[in-house]
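Asker: Quick one: this structure, given as structure tokens, is what I'll be asking you about.
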Amino acid sequence: MSTQGSLAGLHTFDNLNVEYENAYQDNKFKKACIANVNSMLPSGSRVLDVGCGTGVPVSDMLAKAGLDVVGCDISPKLVKLAQDRVKGLFTVSDMLNYEIEGKFAAVFMIFPHLQLSYADFHSAA
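Note that the numbering used here numbers the sequence shown so that position 45 is 45, with each residue one more than the last.
Here's what the structure looks like:
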């Protein structure tokens, strides 16, 4: 069951659509962090991008580094964009209810939790 915060996130990011990607895809700090982690993971490592949105830049950088990307996001619209443009497996899911299958070498969760309450965020951890 989605929380009020999750539903607020769905509404916000569905309305922002690709504009959010355009605003943050060139964030140098975000890209440097992803590149740093990429350098530590062997090619083919399975990674999870929670709140993947459109898949750009996080999932895209991970896939281009040769990693096996799995992504989830609450927005069907944004997941469709990720599926169409980025190599990986992308599904629609509220991160609070996402059922993890298997193991991951790394998990990325960059800003998808901003609309969640403290209690919701920590219950998902």
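A virtual CB, placed ideally from N, CA and C, is assigned to each residue, including glycine.
Check F108 in the structure and name its three-state DSSP category.
Answerer: Looking up residue 108 in the sequence shown gives position 108. Reduced to three states, the DSSP call for F108 is strand.
Asker: Can you give the Cα-Cα distance for N27 and M61, rounded to whole angstroms?
Answerer: As a position in the sequence shown, residue 27 is number 27, starting the count at 1. As a position in the sequence shown, residue 61 is number 61, starting the count at 1. Those two C-alpha atoms are separated by around 13 Å.
Asker: Nearest by alpha-carbon distance to G66: which of G44, V56, L48 is it?
Answerer: The residue given as residue 66 occupies position 66 in the sequence shown. Ranking the options by Cα distance to G66, first place goes to G44.
Asker: Check this for me: beta carbons of G55 and A35, under 8 Å apart or not?
Answerer: Your numbering for residue 55 matches position 55 in the sequence shown. Your numbering for residue 35 matches position 35 in the sequence shown. The answer is no: Cβ separation not under 8 Å.
Asker: Closest by CA to V58, which one among M95, K77, S39, C33?
Answerer: Counted from its first residue, the sequence shown places residue 58 at position 58. The candidate whose alpha carbon is nearest that of V58 is C33.
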